[in-house]
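To start, the structure under review is shown below, and the notes come after it.
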Amino acid sequence: MTAPLSPVEKIKTESRHLRGTLAESLADPVTGAIADSDTQLIKFHGSYQQDDRDLRDERRQQKLEPAYSFMIRTRTPGGVVTPEQWLKLDAIAATFANGTLRLTTRQAFQFHGVVKRELRTTLQAINAALIDTIAACGDVNRNVIVGVNPHASRAHAAVQDAAIRLSERLKPKTRAYYEIWLGEEKIADSEAANTWEPVYGRTYLPRKFKVAFALPPSNDVDVFAHDLGFVAIVERGALTGFNVTVGGGMGATHGDDRTFPRLADVLGFISVEQLLAVAEAVVTTQRDFGDRSERKHARLKYTIADRGIDWFRREVERRLGFAIQPARPFAFEHVGDRFGWSEGHDGRWHLNLRIEAGRVADRGERTQLTGLREIARILGDGEFRLTSNQNLIVANVATGQRAAVDALVAQHGLDGFREASPLRLNALACVSLPTCALAMAEAERYLPDLLDKVQALLAAHALEDAPISLRVSGCPNGCSRPYLAEIALVGKAPGRYNLMLGADARGQRLNRLHRENIDEAEILTQLDALFARYADQREDGEGFGDFLLRAGVIAAPQRIATPLETTT
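Position one of the sequence shown corresponds to residue 5 (the numbering used here), numbered consecutively onward.
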């Protein structure tokens with residue numbers, strides 16, 4: 005017996021290709037919210053309806069509706085914007101949002117606090133900056149991420165180009181976005197003409213879909229955490245193709261063993277020319293076989309876990325009409341970003357700045373938003389590049405501009421990376437409270453205080469310079485990729501977290517649950533004892549996660565993502 009479709013599938017089916025009643029919801033002056041069905045559809049347009057959870061009780065007592073607002077997310081493949089675009093996004097944040105820019109783990113910008121009456125104007129302003137938000141959320145391929153510094157070598161530039169082409173191929177073709185937000189005149193029968201999306205079909209994908217491009221030896225994008233990954237194979241300085249990974253994903257649900265984070269499998273090698281066809285075959289396989297009854301079980305990782313990687317390979321190859329080649333050797337050395345200046349192949353320079361939790365704001369003496377605005381004004385033909393670790397690269401800086409950039413970095417408190425410990429440089433946190441509807445505990449707002457306390461424990465054991473990764477997520481959905489951190493806190497309830505331990509430093513091993521539903525005092529007690537053991541018993545060069553595995557603190561994982569090691 006076929007299981008019934010989830011309610012969201014019905015909404016998509018009846019949406020008239022993502023139009024729904026969004027136009028009517030926007031015109032309704034009575035409420036700051038949109039219709040319930042439209043809250044699902046607006047995700048495809050790059051926005052989420054939220055409310056300020058800090059104000060819920062107060063507004064309820066005043067018999068007011070929640071303080072509704074909207075988060076808007078950009079579609080910026082590889083996280084690349086020009087100085088002119090940065091300045092326009094900065095102005096949008098100041099005019100329509102909460103005065104900050106949020107850099108995400110998917111190399112996108114997020115605006116928070118946009119009210120309904122200004123939603124259309126805000127999206128029009130974003131599009132005027134030659135950036136769109138279509139498919140930044142929803143049951144489609146989302147923003148494609150790429151290993152940082154595409155101009156550091158010709159191969160990086162080629163990978164960035166491939167990511168842009170893939171993003172365009174997988175962008176929905178409906179005109180609903182342009183009609184609703186940009187005032188495009190509806191062509192007669194345009195809804196009927198869009199009866200079939202060339203890639204997504206009538207009802208798009210069962211759930212969200214994420215793509216990443218990695219450039220060894222850096223795994224800064226955590227390529228095994230995504231539905232579809234492409235590991236660049238570079239020979240004699242030229243990009244020859246990609247090893248394809250499939251079936252990764254971070255999300256889970258507390259108390260539901262049917263849901264779990266999963267590392268991707270290596271499917272095999274493809275040429276650069278085969279990229280788009282292979283991506284489309286993977287996406288359409290998930291479109292046709294993914295679970296449309298239970299959304300918690302609807303990601304590609306579950307399709308592959310249920311049916312097996314061999315079945316999945318056969319189905320993809322059947323759609324392609326050719327066989328995927330055996331994977332070629334590659335190896336990763338590290339995740340995370342490398343901070344400070346680096347020189348590209350063309351004599352231009354790149355400065356990687358630390359942006360804690362990705363929040364660009366003016367706070368006290370750290371006037372980072374103002375500082376980056378001033379840098380944008382002098383950058384000329386340079387670029388800004390968001391990293392998948394919530395940081396920012398000032399890229400393509402001419403040698404003669406370095407001194408001016410350095411002066412602004414120091415003046416506005418953007419130079420924290422110069423003295424920060426590895427723990428602070430590598431830490432990630434999702435937005436969580438007060439705006440995320442799924443949040444169970446604090447993350448972004450808690451991170452600075454948590455880092456102070458964990459850093460103090462490390463100092464007590466002479467481990468200040470240990471390159472330990474720590475990530476905090478307000479819920480088990482894992483937007484900060486917590487399951488690939490050596491230490492992770494996954495929110496369970498206000499002030500309480502699951503303590504996860506034991507991932508490696510290359511993004512190839514998931515961590516494991518160490519203690520469940522504990523408060524800060526117990527978290528620090530556990531870490532203090534483990535840091536003491538690590539300081540006393542570690543081997544030369546042994547990472548914290550690797551030590552925990554060797555010492556038996558965590559159980560060995562059932563499987564790890566093991567690249568084919570290079571022989572040169």
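Here a beta-carbon is modelled for each residue, glycine too, at the ideal position from N, C-alpha and C.
Same chain only: Cβ atoms within 6 angstroms of residue 375, ignoring 5 sequence neighbours per side: 412, 416, 418, listed in sequence order.
For the structure I just gave you, are there three or more beta carbon pairs, one from the region 250-267 and one from the region 146-154, closer than 8 angstroms? Proximity of the region 250-267 to the region 146-154 falls short of the contact definition, fewer than three beta-carbon pairs being nearer than 8 angstroms.
C-alpha gap between residue 236 and residue 59, whole angstroms: Rounded to whole angstroms, the separation of the alpha carbons of residue 59 and residue 236 is 47 angstroms.
How about the region 85-95 and the region 215-224: do they share at least three Cβ pairs that are nearer than 8 angstroms? A contact between stretches requires three or more CB pairs, one per stretch, nearer than 8 angstroms, and the region 85-95 fails this requirement with the region 215-224.
Any heavy atom of the ligand SAH closer than 7 angstroms to the Cβ of residue 17? Judged by which ligands are present, the structure shown has none, so any question about the ligand SAH falls away.
Going by the CB atoms, is the gap between residue 319 and residue 327 shorter than 8 angstroms? Their beta carbons are not under 8 angstroms apart, which means residue 327 does not touch residue 319 by this criterion.
Does DSSP classify residue 522 as helix, strand or coil? Reduced to three states, the DSSP call for residue 522 is strand.
From 517, 509, 538, 501, pick the residue whose C-alpha is nearest to that of residue 527; which is it? With distances taken between Cα atoms, residue 527 lies closest to 501.
Start-to-end residues for the alpha helix (DSSP H) that takes in residue 244: Note, residue 244: premise wrong, no alpha helix (DSSP H); beta strand (DSSP E) at 242-250.
8 angstroms contact criterion, which residue 230 and residue 259 should meet: CB distance rounded: Going by Cβ atoms, the distance from residue 230 to residue 259 rounds to 25 angstroms, so no, they are not a contact pair.
Have a look at residue 441 and residue 310 and give me their C-alpha separation to the nearest angstrom. Between the alpha carbons of residue 441 and residue 310 lies a distance of about 30 angstroms.
In the DSSP assignment, find the alpha helix (DSSP H) that holds residue 398 and state where it starts and stops. Residue 398 -> not in any alpha helix (DSSP H); beta strand (DSSP E) instead, spanning 396-401.
Is the Cβ-Cβ distance between residue 54 and residue 73 less than 8 angstroms? A Cβ-Cβ contact shorter than 8 angstroms links residue 54 with residue 73.
Buried or exposed, going by whether 16 or more other CB atoms sit within 10 Å of the CB of residue 572? Low confidence applies here, because residue 572 scores a pLDDT of 35, under 50, leaving its location unreliable; read the following figure in that light. By the Cβ neighbour-count rule, residue 572 is exposed, with fewer than 16 other Cβ atoms within 10 Å of its own.
Shortest alpha-carbon distance to residue 244 belongs to which of 332, 542, 394, 51? Nearest C-alpha to residue 244: 332.
Using alpha carbons as the reference points, say which of 373, 540, 175 lies closest to residue 91. Distances from the CA of residue 91 to each of 373, 540, 175 were compared; the closest alpha carbon is that of 373.
Would you mind reading off the limits of the beta strand (DSSP E) that contains residue 73? Its beta strand (DSSP E) spans residues 72-77.
Could you check the C-alpha separation between residue 570 and residue 508 for me, to the nearest Å? In this prediction, residue 570 has a pLDDT of 49, which is less than 50 and means its spatial position is unreliable; what the coordinates show is noted afterwards. Approximately 19 angstroms, taken between the alpha carbons.
Run of the beta strand (DSSP E) containing residue 293, from where it starts to where it stops: Counting along the chain, residue 293 falls outside any beta strand (DSSP E), though it belongs to the alpha helix (DSSP H) covering 279-293.
Using the three-state DSSP reduction, which class does residue 119 fall into: helix, strand or coil? Residue state, collapsed to three classes: coil.
Using 8 angstroms as the Cβ pair cut-off and three pairs as the minimum, do the region 116-134 and the region 90-106 touch? The region 116-134, when compared against the region 90-106, does touch it at the 8 angstroms Cβ threshold.
Under the assumption that residue 478 contacts residue 444 (Cβ atoms under 8 angstroms), give the Cβ distance between them as a whole number of angstroms. With 8 angstroms as the limit, residue 478 and residue 444 qualify as a contact, their Cβ atoms being about 6 angstroms apart.
Residue 274 (DSSP reduced to helix, strand or coil): Correct three-state label for residue 274: strand.
From the DSSP output, read off the bridge partner residues of residue 238. Residue 238 is bridged to 243.
Quick check on the DSSP output: the beta strand (DSSP E) that includes residue 53 runs from which residue to which? Unbroken beta strand (DSSP E) run through residue 53: 51-55.
Please state if the CB of residue 448 and the CB of residue 365 are separated by a distance shorter than 8 angstroms. In terms of Cβ geometry, residue 365 and residue 448 do not form a close pair [threshold 8 angstroms].
Is residue 79 closer than 8 angstroms to residue 10 when the C-beta atoms are compared? Not in contact: residue 10 and residue 79 (Cβ atoms no closer than 8 angstroms).
Would a C-beta distance cut-off of 8 angstroms place residue 336 and residue 567 closer than the cut-off? Between residue 336 and residue 567, the C-beta gap is smaller than 8 angstroms, which places the two residues in contact.
Classify residue 398: buried if its beta carbon has 16 or more other beta carbons within 10 angstroms, exposed otherwise. Buried: at least 16 other Cβ atoms inside 10 Å.
With a cut-off of 8 angstroms, do at least 3 Cβ pairs link the region 529-537 to the region 284-298? In short, these stretches do not touch, since the Cβ pair count stays below three.
Spatial distance of residue 149 from residue 560 (CA atoms): If I take the Cα positions, the gap works out to 30 angstroms.
Please report the distance separating the alpha-carbon of residue 43 from that of residue 182. The C-alpha of residue 182 is placed about 18 angstroms away from the C-alpha of residue 43.
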